[in-house]
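One structure is given below, encoded as structure tokens.
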Amino acid sequence: MATTTSFKHEIQAINNGNRIHPIDMTMASNQATNIQTNDDSQQSNESDFDACGWLLIIFSYILVALTFPITLFFCINVVQEYQRAVIFRLGRILPGGAKGPGLFFILPCVDTISKVDLRTATFNVPPQEILTRDSVTVSVDAVIYSRIVDPVASVTKVSNVSSATQLLAQTSLRNILGTKTLQEILSDRETIAKSMQFHLDEGTDPWGIKVERVEITDVRLPQSMQRSMAAEAEASREARAKVIAAEGEQKASRQLKEAADVIAESPIALQLRYLQTLTQISAEKNSTIVFPIPVEFLSFIKHGR
Numbered sequence: 311m312a313t314t315t316s317f318k319h320e321i322q323a324i325n326n327g328n329r330i331h332p333i334d335m336t337m338a339s340n341q342a343t344n345i346q347t348n349d350d351s352q353q354s355n356e357s358d359f360d361a362c363g364w365l366l367i368i369f370s371y372i373l374v375a376l377t378f379p380i381t382l383f384f385c386i387n388v389v390q391e392y393q394r395a396v397i398f399r400l401g402r403i404l405p406g407g408a409k410g411p412g413l414f415f416i417l418p419c420v421d422t423i424s425k426v427d428l429r430t431a432t433f434n435v436p437p438q439e440i441l442t443r444d445s446v447t448v449s450v451d452a453v454i455y456s457r458i459v460d461p462v463a464s465v466t467k468v469s470n471v472s473s474a475t476q477l478l479a480q481t482s483l484r485n486i487l488g489t490k491t492l493q494e495i496l497s498d499r500e501t502i503a504k505s506m507q508f509h510l511d512e513g514t515d516p517w518g519i520k521v522e523r524v525e526i527t528d529v530r531l532p533q534s535m536q537r538s539m540a541a542e543a544e545a546s547r548e549a550r551a552k553v554i555a556a557e558g559e560q561k562a563s564r565q566l567k568e569a570a571d572v573i574a575e576s577p578i579a580l581q582l583r584y585l586q587t588l589t590q591i592s593a594e595k596n597s598t599i600v601f602p603i604p605v606e607f608l609s610f611i612k613h614g615r
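First residue of the sequence shown: 311, per this note's numbering; consecutive thereafter.
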């Protein structure tokens, strides 16, 4: 009995260990389907040519072999370090995607090569007349820094990469600045540039383009708006100057009041001030000297007579 019981427990443990859950079966079937689909797509890319296509490819190889010394100038192609080559054979991209850098052999009759520059490219967005949210017309231009990160997509998804990116930059600049006021455009250029970079990067991602940086170079206002802003700035400066002058007069009056209080408490201080004034007049070598005489002294002379 003990042997039979232990044997049953071992069988139950083995069954529990090897149990396949429905979720695991579904995931395994999905993975198998994906692998099979990828294999089928790779096989279809490799054997997608019909009999006529294979006949042209074989004929091209024979032609290259027959004209061997001359065909070297047409079959060998060099791709630089900053470039990638997208090779089309009978209109289809060769397996492996973009090639490069290095030396490549192409068939002159059936292969077409398209070279893509991976370096960062810059272009200016022409000045755009934009109506802001507060109904002010401004002219704004910008500079875009972008580069190609997916050569195959840049060749197969869009006909002219630079032109498409430039047109998208113009529309993005209009759409974003149309929701801002004039004060926000003048003060928040960095925020607007980051928002524009995000929208451009999102729009050009299917084309294989990465927008690295956006800079708003100039914001030009109409002449009437410039004159009104200059008048407003001048009025503000005049108002600040008047406030500063009034504060200075207030401080000066306080100092004079304190000086008058000191002189009233000590009459001898007024005499010292008279002597200081005389010293200053004599230092300037003036011919006329006005000497102040106290009122008490005048009354003493008058009563003395």
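Glycine residues also receive a C-beta, built at the ideal position from the N, C-alpha and C atoms. Keep in mind the model is a prediction, meaning the values are calculated, not measured.
In terms of Cα proximity to D451, the closest of L483, I519, C385 is L483.
Nearest to T447 by alpha-carbon distance, out of Q533, A503, K567, is Q533.
Counting C-beta pairs closer than 8 Å gives three or more between the stretch 416-427 and the stretch 455-465, which meets the contact rule. Y455 is bridged by DSSP to T432, R523.
At the C-beta level, S449 and V529 come within 9 Å of one another.
Our two residues, K504 and T514, have alpha carbons roughly 15 Å apart in a direct line. I519 sits close to T475, with the two beta carbons spaced by under 9 Å. Contact between F433 and I386 is ruled out by a C-beta separation of about 33 Å, above the 8 Å threshold.
For L404, there is no enclosing beta strand (DSSP E), as DSSP marks it with neither H nor E. With fewer than 16 other Cβ atoms inside 10 Å of its own Cβ, Q493 counts as exposed.
The same chain holds no residue with a CB closer than 7 Å to that of T587 once the five nearest residues on each side in sequence are set aside. For N387, the three-state secondary structure derived from DSSP is strand.
Looking from the CA of W364, the closest CA among L382, Q507, R399 belongs to R399. The three-state secondary structure of L417, taken from DSSP, is coil. Going by beta carbons, G410 and Q390 fall inside the 9 Å limit. V446 carries a coil assignment under DSSP once its states are collapsed to helix, strand and coil. Counted as a single uninterrupted DSSP element, the alpha helix (DSSP H) harbouring V465 occupies residues 461-466.
Spanning the alpha carbons of S497 and L531 requires a straight line of approximately 14 Å.
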